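Notes follow the structure.
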């Protein structure tokens, strides 16, 4: 499973044009964490709608149809947890309900969007400012590899002109 995720991440990383306006931590945050959360959301959503989303305790005398019905009722209504060593309490006894599991895929998608939102805002503001940060960083990195002094001067003038806007 780890190899599959790694190969998918590498193939997506090679298809998407690399940008130089972030570092490894920013990429980890907005690229890989977003991808992982979206993937987990898809897996959980698939489990909810294709497989059995929940298995509730049912009496032994229930048939398969009764058990399926009970699981569907458990899925759409709130459930509660009882430890195995505890007796089942009275029906009217107050209990702490668990009702979050239907929302897990949506919360994961919202988290994925929250991890990607800062880079979207950064790129939008960067584009709107008229300063091409991507080009400036690419040019500055290429300046390190320039062999001829004349090309270095020309690249440096271009770079200072872009930054001095």
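In the numbering used here, the protein residues as written are 66 to 230. Glycine residues also receive a C-beta, built at the ideal position from the N, C-alpha and C atoms. Keep in mind the model is a prediction, meaning the values are calculated, not measured.
{"Check": "DSSP state of residue 144 mapped onto helix, strand, coil", "Outcome": "strand"}
{"Check": "N-terminal and C-terminal residue of the alpha helix (DSSP H) that residue 226 is part of", "Outcome": "214-228"}
{"Check": "Option in 187, 99, 93 with minimal Cα separation from residue 172", "Outcome": "99"}
{"Check": "Coarse secondary structure for residue 132, derived from DSSP in three states", "Outcome": "helix"}
{"Check": "Same chain, Cβ closer than 8 angstroms to residue 211, neighbours up to 5 away in sequence not counted", "Outcome": "217, 220"}
{"Check": "Sequence-distant residues of the same chain with beta carbon closer than 8 angstroms to residue 80, five excluded per side", "Outcome": "Reliability fails at residue 80, whose pLDDT of 46 lies under 50, so the model's placement of it is uncertain and no value is given."}
{"Check": "Alpha carbon of residue 44 to alpha carbon of residue 202, nearest angstrom", "Outcome": "With the chain covering only 66 through 230, there is no way to say anything about residue 44."}
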